[in-house]
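Residue numbers (numbering that gives the first Met the number 0): 0 to 118.
Scroll down for the structure; my scribbles are underneath it.
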Amino acid sequence: MTQNLKTQIEQTPILPNSLAIWGLGQMGVAIKGIEGVIYIDPCLTDVVREQFGEFWGRGYPPPILPEHASHVSYYFISHEHLDHLDPKTVGPIAKASPNAKFVTTGWCKELLSELDIAD
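As structure tokens, then:
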């Protein structure tokens, strides 16, 4: 299933003045436009459950694995909570999409710096 979403994102044609949007689970979304793909707050692991217990587990497996997200142009992070800034997602996506630009709030700078990611 995780490869299917990668293929779908990469192969979906985008017409002028339009976007394609995919839910990534939690509050994350992928948005594709003519000039690239934006990820907003992806949490593609079960890091919240691992740190805070079963109640906080994912409702379903991630639709794409972070290391498969090689198509990311921009990665937006709204704030530093684990379900928005998942270190187990950010690092692998940064490696899979080395040209991705990270756009964050000041609250995220310290953790991104620890992960060796420039915003």
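Virtual Cβ for every residue (Gly too), placed ideally from N, Cα, C.
Treat the numbers as computed from the prediction; the structure is a model and nothing was measured.
{"Asked": "A19 beta carbon less than 7 Å from that of T6", "Found": "no"}
{"Asked": "Spatial distance of M0 from W106 (CA atoms)", "Found": "In this predicted model, M0 has a pLDDT of only 49, less than 50, meaning its place in the structure is not dependable; the value taken from the coordinates is given anyway. Cα-Cα distance, rounded: 33 Å."}
{"Asked": "Under the three-state DSSP convention, the category G32 falls into", "Found": "strand"}
{"Asked": "Identity of the residues DSSP links to F75 by a beta bridge", "Found": "I39, V102"}
{"Asked": "Cβ shell of F75 (< 6 Å), same chain only, five flanking positions each side left out", "Found": "I39, V102"}
{"Asked": "Residues of its chain near Y59, where Cβ-Cβ distance is below 7 Å and the 5 sequence neighbours each way are ignored", "Found": "G24"}
{"Asked": "7 Å Cβ cutoff met for E109 and P91", "Found": "no"}
{"Asked": "Host beta strand (DSSP E) of G111 (start-end)", "Found": "Just to set this straight, residue 111 is Leu in the shown sequence, not Gly. No beta strand (DSSP E) holds L111; the alpha helix (DSSP H) holding it covers 108-113."}
{"Asked": "is_contact[L81, chain B] using C-beta, thresh 7 Å", "Found": "Protein chain content of the structure displayed is limited to a single chain, and chain B is not contained in it."}
{"Asked": "Among A68, D85, A93, the one whose alpha carbon lies nearest that of V47", "Found": "D85"}
{"Asked": "Alpha-carbon to alpha-carbon, L43 and L81", "Found": "11 Å"}
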